[in-house]
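Just below is one structure, and these are the notes that go with it.
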Amino acid sequence: MWHGRFKGDMAESVKDFTQSLDIDWRMAECDIQGSIAHVKMLGSTGLLKIDEAKKIELGLQKVLEEIKTGKFIPSKDLEDVHMNIEAHLTEIEPLGAKLHTARSRNDQVATTTRLYLRERLKKLKDGLKILLSVLISNAQRHINVIIPGYTHMQQAQPISMGHYWLAWFEAFYRDYERLEFALKSLNECPLGAGALAGSTLPIDREMTSELLEFDCPTRNSLDTVANRDYMTDYHYFASVFMIHVSRLCNDLITWNTQEFAFIILPDEFCTGSSMMPQKKNPDVLELARGKTGQVIGNLIDLLVTLKGLPMTYNRDLQEDKRGLWNSFDTVESVVKIMSALLEKVDVDENSALAGLEKGYSLATDVAEYLVLKGVPFREAHLKVGRLTGWCIENKISFSDLTFSQWKEHIPEIDEGVIKILSVRESVNRRNTYGGTGFSQVERQIKIAREKL
Ligand code: ARG
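Numbering (my numbering), first residue to last: 1352 to 1803.
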């Protein structure tokens, strides 16, 4: 394609080293989509005769057909997806030699990648919506199920399992918004930026942008061929999403252990051990947690590639795709499998409550009860703390204390305390906006449904 300036052929080793076909061939259909818009524009502006543009477009359609049927086998000798398609087009239709008018591979690759990214991200958005709706259904399904809530991995206060699922709804909804942002940031059309400075030819950038359903053409040709921010936006979304997944998985893995034993994972999502017949392992959750590192690695990979890179295009940028594909594949598969698994997670409430009743998770409830009786919170905290210490020493739980024992330790207390000493009452009474109270969870489920 550029042999005019060269005397000798490129060394084989250099061909191998510089080609990107194995990475970028998967964008072939998007590349043709971009070329069709470009050639339509060349026809409409008079840079090509209408019938020339038509013939090239027809040729591109033929190449597309051959790609879809697997008839067209690209060659690494032709370096990348763009050159392969153009060369094959020109074999089919000699006018193909006019296609690259007012275009460089620098604006072309940016266009093709944005189109490809847009397709994948839109699909991912649908997948993420399913995950979000599963979380809402789980919240509804488990609204009345009580589990211990933890801070520092220590039993803290009882919560509704529905509230727990909605916590993940919040996190994944923020991811959803980050994904929408990534979609928005990619949706400007690079075509016409040329190699870096635009074109001397009278092209119509608005037209290609509209044909490809971008929001607008990019505003600065230098930035257009140098920019990969839209990819970093995706990677950031993907990384935060995977961090959320890894934390959720870790909770479920922990709660599925014999020691906690208050969630039940569906058999079909677990694996056995080749040696230990009794095992039912949460491998899906472990793998999802384990894949997080790659996705974060891909963000860092691109950031490091971009760091200190001079304005404008540098060949380093060709390395921007491998990690992107890896993250796409990983995130898509994780979204899918997590939606299917979460739908079938059950909670063993008796087991969850058994753990709670042994503990002192209602201590704050008692302190707050004292506040209502006029005791300053710090003082109430101290009194209930002392009583808890005494109970631990004497191996007795709050629910085992008689009223006179309560009174002995905390004179301000009255009979009403007995009524608040149930985990269900405790959850029920945490009725502040965003709290775990059943009616609050109900309210948040409604809000979540409206958001979807
Ligand atoms: N395969 C290249 C890439 O993905 C296309 C752009 C090549 N441009 C160039 N000036 N050598 O970045």
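The beta carbon of each residue, even a glycine, is placed where N, CA and C say it ideally should be.
Within the DSSP bridge table, the entry for Tyr-1501 names Gln-1506 as partners. For Ile-1481, the uninterrupted alpha helix (DSSP H) run begins and ends at 1456-1492, by DSSP. The residue among Arg-1471, Tyr-1515, Tyr-1467, Asn-1457 with its C-alpha nearest the C-alpha of Ile-1487 is Tyr-1515. One thing to note: Val-1485 has its Cβ within 7 Å of the Cβ of Leu-1693. Straight through space, the alpha carbons of Ile-1796 and Thr-1420 are spaced by roughly 47 Å. In its chain, beyond the 5 residues on either side, no residue has a beta carbon closer than 7 Å to the beta carbon of Pro-1661. Here the C-alpha atom of Lys-1405 lies approximately 18 Å from the C-alpha atom of Asp-1382.
Burial state of Val-1365 is exposed, judged by a 10 Å Cβ sphere holding fewer than 16 other Cβ atoms. The C-alpha of His-1354 is placed about 9 Å away from the C-alpha of Met-1361.
Met-1582: member of the alpha helix (DSSP H) spanning 1580-1606, first to last residue.
If the five residues before and after Thr-1739 are omitted, its C-beta is found closer than 6 Å to the C-beta atoms of Tyr-1711, Ala-1714, all from its own chain and listed in chain order. Looking at the backbone, the Cα of Lys-1724 and that of Glu-1730 are separated by about 12 Å. For Leu-1660, the Cβ stays outside the 6 Å cut-off from all heavy atoms of the ligand ARG. The C-beta distance from Ile-1651 to Met-1593 rounds to 13 Å, too long to meet the 8 Å contact threshold.
The closest CA to that of Ala-1548, considering only Asn-1601, Met-1558, Tyr-1664, Asp-1584, is found on Tyr-1664. When secondary structure is reduced to three states using DSSP, Pro-1727 falls in the coil class, being assigned neither helix nor strand. Taking the Cβ of Leu-1638 as the reference point, every heavy atom of the ligand ARG lies at 6 Å or farther away.
Closest in alpha carbon position to Met-1689, among Gln-1412, Pro-1499, Phe-1523, is Phe-1523. Between the C-alpha atoms of Asp-1667 and Leu-1657 there is a straight-line separation of about 8 Å. Non-local beta-carbon contacts of Glu-1700 in its own chain, meaning distances under 7 Å to residues more than five positions away in sequence, involve Val-1496, Ile-1497 in chain order.
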